[in-house]
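As given, the protein sequences belong to chains P and Y, one line each in that order. The numbering used here puts the first residue of the first sequence at 1, with every later residue one more than the last. The numbering used here puts the first residue of the second sequence at 140, with every later residue one more than the last. For every residue, glycine included, the Cβ atom is placed at its ideal position computed from N, Cα and C.
Number of protein chains: 2
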Amino acid sequence: MGKTTDDILAKIGCKNTKSRKAVVEILQSAENPLSAEDIFFAVKKQGSSVNLSTVYRTLDLMESKSLVNKIVMGDGKARYELTVDGHRHHLVCTNCHKSVPIDFCPLEKMEKDIGMRNDFDITGHKLEIYGICPKCKKE
Amino acid sequence: MGKTTDDILAKIGCKNTKSRKAVVEILQSAENPLSAEDIFFAVKKQGSSVNLSTVYRTLDLMESKSLVNKIVMGDGKARYELTVDGHRHHLVCTNCHKSVPIDFCPLEKMEKDIGMRNDFDITGHKLEIYGICPKCKKE
DNA sequence: TATTAAATGCAAATGATTTGCATTTGAAAT
DNA sequence: ATTTCAAATGCAAATCATTTGCATTTAATA
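Here's what the structure looks like:
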């Protein structure tokens with residue numbers, strides 16, 4: 001059984017508002033990381049509405065609590081996804097921008113090692129792999 | 140013997156201008172990936188000057204020819220470095236923003252595998268590892 | 001040296017994200 | 001249930017990196 005929207009918001013220690021619920025719901029049903037604007041329109045499509053600023057504020061808050069993962073893409077827009085086990089990586093299609101999650105982290109083992117070798121305290125990493133997805137290959 | 144500025148520009152197939160030379164020179168002597176603004180000021184410090192737009196145009200051009208590697212960081216500014224062997228990764232200090240290059244690619248072996256498993260044609264990847272550098276640890 | 005497409009500088013435009021502030025709202029206390 | 005008030009929201013304006021249009025300059029070739 002997955003986490004409910006309320007479970008997720010409860011962790012934040014903040015007001016459980018209509019806007020925030022809407023944002024979380026969209027993120028939960030998303031198959032890909034979404035931009036703030038994606039979320040804004042998805043909420044609208046559901047019949048309700050959130051201000052774009054509120055979407056940003058909610059995402060920032062959630063990121064600061066490690067509830068969402070912010071992915072900064074080359075196109076100048078950030079995408080967000082609910083955090084699963086700390087982090088997750090994606091295979092991103094450079095043609096259609098769809099992305100599929102990779103179910104493991106290729107760095108897990110190396111990270112500690114690389115940190116030690118350079119005397120860094122490692123706090124995290126970002127990884128994205130780019131390519132052409134099956135669908136776009138056909139076209 | 141390293142490549143000269145002219146060697147690098149020759150590959151582009153474009154005019155060899157004062158501005159472009161200046162940008163390449165700065166990139167060559169840089170120890171870290173630099174932002175467009177960093178480059179702009181570094182050129183100024185040398186006594187010459189380039190317009191910021193020109194810096195961006197030069198970087199875009201070079202990126203399109205795979206002569207520089209554009210790194211999109213979480214702080215909203217892109218950094219650029221001369222390409223070495225296709226790509227290179229960094230350990231980035233989240234406190235002072237200094238970065239040290241990692242002398243190998245942790246993904247080399249896995250990439251092909253991941254691509255096959257997902258039926259993607261892999262074209263590249265971006266990886267950055269974050270942490271606190273030795274110097275900042277002390278403070 | 002003359003010619004001309006390519007490159008530059010400048011100022012204005014863009015687009016994602018952030019912010020200030022007046023208003024509204026959720027939740028704790030009554 | 002009502003009061004209370006910090007927290008959250010909406011809105012419009014501000015920011016900031018990057019891009020673009022256009023008039024002017026320049027490198028490369030004849």
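For residue i, decide whether its Cβ has a neighbour in chain Y, counting only Cβ atoms nearer than 8 Å.
i, result
"His-97/P", "no"
"Leu-59/P", "no"
"Tyr-130/P", "yes"
"Pro-106/P", "yes"
"Lys-45/P", "no"
"Cys-133/P", "yes"
"Met-1/P", "Residue confidence for Met-1/P is low, a pLDDT of 48 falling below 50, so the modelled location carries little weight and cannot support an answer."
"Ser-48/P", "no"
"Ile-8/P", "no"
Using a C-beta to C-beta distance shorter than 7 Å, which residues of chain P count as neighbours of residue i?
i, result
"Ile-241/Y", "Ile-114"
"Lys-276/Y", "Asp-121"
Kindly list, in the order they appear in chain Y, the residues whose Cβ is closer than 9 Å to that of residue i.
i, result
"Val-55/P", "Under the 9 Å cutoff, chain Y gives no residues; its nearest Cβ is about 17 Å from Val-55/P."
Any beta carbon from chain P within less than 8 Å of residue i's own beta carbon?
i, result
"Thr-262/Y", "yes"
"Leu-230/Y", "yes"
Going along chain P in order, which residues have a C-beta closer than 9 Å to the C-beta of residue i?
i, result
"Gly-213/Y", "Lys-70, Val-72, Ala-78, Lys-126"
So residue i and residue j are supposed to be a Cβ contact under 8 Å. How far apart are they, rounded?
i, j, result
"His-264/Y", "Ile-129/P", "4 Å"
"Glu-98/P", "Cys-133/P", "According to the sequence as given, residue 98/P is Lys; it is not Glu. Confirmed, Cβ separation roughly 6 Å."
"Leu-67/P", "Thr-83/P", "6 Å"
"Ser-165/Y", "Lys-204/Y", "The question names Ser, but residue 165/Y in the sequence shown is Ile. Between Lys-204/Y and Ile-165/Y the Cβ distance is about 18 Å, and since that is not below 8 Å, they are no contact."
"Leu-127/P", "Leu-266/Y", "5 Å"
"Pro-33/P", "Leu-246/Y", "20 Å between Cβ atoms; not a contact."
"Thr-143/Y", "Gly-131/P", "That pair is no contact at about 35 Å."
"Val-72/P", "Val-189/Y", "Val-72/P to Val-189/Y, Cβ: 27 Å. No contact."
Run down chain Y in chain order and give the residues with a C-beta less than 7 Å from the C-beta of residue i.
i, result
"Thr-94/P", "Thr-262"
Going by CA-CA distance only, name the one from the options that's closest to residue i.
i, options, result
"Val-231/Y", "Arg-79/P, Val-100/P, Glu-111/P, Gly-74/P", "Glu-111/P"
"Lys-183/Y", "Leu-198/Y, Ser-203/Y, Ser-158/Y, Pro-172/Y", "Ser-158/Y"
"Asn-69/P", "Arg-88/P, Arg-57/P, Tyr-56/P", "Arg-88/P"
"Glu-220/Y", "Val-194/Y, Phe-243/Y, Ser-174/Y, Pro-245/Y", "Ser-174/Y"
"Tyr-138/P", "Asp-258/Y, Lys-277/Y, Gly-270/Y", "The sequence given here places Lys at residue 138/P; Tyr does not occur at that position. Per the Cα distances, Asp-258/Y."
"Val-23/P", "Thr-94/P, Phe-40/P, Ala-10/P, Asn-32/P", "Phe-40/P"
"Gln-46/P", "Ser-29/P, Thr-54/P, Thr-58/P", "Ser-29/P"
"Asp-214/Y", "Asn-234/Y, Asp-146/Y, Thr-262/Y", "Asn-234/Y"
"Ile-8/P", "Asn-32/P, Leu-59/P, Ile-114/P, Asp-38/P", "Leu-59/P"
"Cys-275/Y", "Asp-121/P, His-90/P, Phe-104/P, Val-72/P", "Asp-121/P"
"Glu-31/P", "Gly-115/P, Met-116/P, Arg-79/P, Arg-117/P", "Arg-79/P"
"Thr-54/P", "Thr-17/P, Ile-71/P, Met-73/P", "Thr-17/P"
"His-229/Y", "His-90/P, Ile-114/P, Val-50/P", "Ile-114/P"
"Val-100/P", "Phe-243/Y, Ser-187/Y, Lys-248/Y, Arg-256/Y", "Arg-256/Y"
Exercise. Looking at chain Y, which residues of the region 107-121 of chain P have a Cβ within less than 8 Å of any of its Cβ atoms?
Worked result: Leu-107, Met-110, Glu-111, Ile-114, Gly-115, Asn-118, Asp-119, Phe-120, Asp-121
Exercise. Using a beta-carbon distance cut-off of less than 7 Å, what residues from the region 160-174 of chain Y approach chain P?
Worked result: none
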